[in-house]
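Read through the structure below, which is laid out as structure tokens, and then see the notes.
In my numbering, the protein residues as written are 8 to 269.
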């Protein structure tokens with residue numbers, strides 16, 4: 008896209024631990040039918056919810072790389088008790104022509120375990136030359152979100168001086184800016200990549216399922232603040248629509264969405 012290459016790195020595919028009906032209790036029959044049409048792979052016949060776990064690699068033409076989210080992690084990562092661990096980040100990076108040492112920035116959109124897993128492996132930062140950008144509000148709420156993430160991810164990053172806590176909009180690099188989208192977690196943060204007239208909006212977990220594209224008002228039962236999450240989703244989708252942007256999604260089957268919905 009313009010002067011950037013954007014790679015979707017699928018770290019794994021698995022079925023969520025709650026049925027779709029309890030994860031999105033406000034979804035109507037028409038909403039569900041439209042969502043199934045949009046992303047049929049995500050809706051198995053048993054009433055479950057099949058997730059893809061995407062991270063995104065932004066590669067500027069002049070070199071370096073920005074990683075948006077760090078996936079599930081290895082077999083010992085905090086997400087291993089529910090997500091399809093181990094993930095495939097190392098081989099995905101190799102196939103993209105990028106080594107962990109090439110990544111200069113890692114944005115963790117929020118501190119849920121399936122978005123931070125490859126940040127630290129065996130007690131050491133997996134991306135040795137990167138600053139790890141973390142929303143301060145999530146950092147401050149990590150005890151509630153997941154104490155293992157505090158101990159196994161944040162503490163090692165702080166010890167090496169690689170932890171960078173942010174608030175509000177922050178420029179991560181040329182063309183890449185964070186967008187506060189709280190609600191799913193207290194500090195949930197999305198990002199926008201701009202190159203000329205083109206844009207990619209990295210939604211994190213603002214949009215978790217196609218239901219929230221066809222019916223953006225539908226809340227997710229595990230959002231920290233459903234009303235704030237709804238407002239953030241509507242605003243981010245409006246921004247994507249106004250820009251004619253691609254939406255880079257964390258858990259839909261297709262990582263990149265640009266359609267009549269947007």
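Every residue, glycine too, gets a C-beta built ideally from N, C-alpha and C.
- Here residue 221 has 38, 41, 42, 45, 268 as same chain residues with Cβ atoms under 8 angstroms from its own Cβ, once five neighbours each way along the sequence are excluded.
- Contact between the stretch 131-149 and the stretch 190-198 is present, with at least three C-beta pairs closer than 8 angstroms.
- Annotation: residue 248 to residue 169 spans about 35 angstroms, alpha carbon to alpha carbon.
- The continuous stretches of alpha helix (DSSP H) do not include residue 174, and DSSP gives it neither H nor E.
- For residue 262, the secondary structure class from DSSP, reduced to helix, strand or coil, is coil.
- Between residue 225 and residue 31, the CB-CB gap stays under 8 angstroms.
- Considered as a whole, the stretch 120-151 harbours 143-147 as its complete alpha helix (DSSP H) runs of no fewer than 4 residues, in chain order.
- When beta bridges are read from the DSSP output, residue 254 appears opposite 208, 264.
- As far as DSSP is concerned, residue 98 takes part in no beta bridge.
- Per the Cβ contact rule, the stretch 151-171 is in contact with the stretch 81-92 (3 or more Cβ pairs under 8 angstroms).
- DSSP places residue 220 inside the alpha helix (DSSP H), whose first and last residues are 218-221.
- DSSP places residue 161 within a helical segment (H, G or I) once states are collapsed to three.
- Here DSSP, grouped into helix, strand and coil, assigns residue 198 to strand.
- Bounds of the alpha helix (DSSP H) holding residue 45 are 36-45.
- With a beta-carbon spacing of about 15 angstroms, residue 112 and residue 211 fall beyond the 8 angstroms limit used to define contacts.
- Per DSSP, reduced to three states, the secondary structure at residue 57 is strand.
- Rounded to whole angstroms, the separation of the alpha carbons of residue 258 and residue 60 is 5 angstroms.
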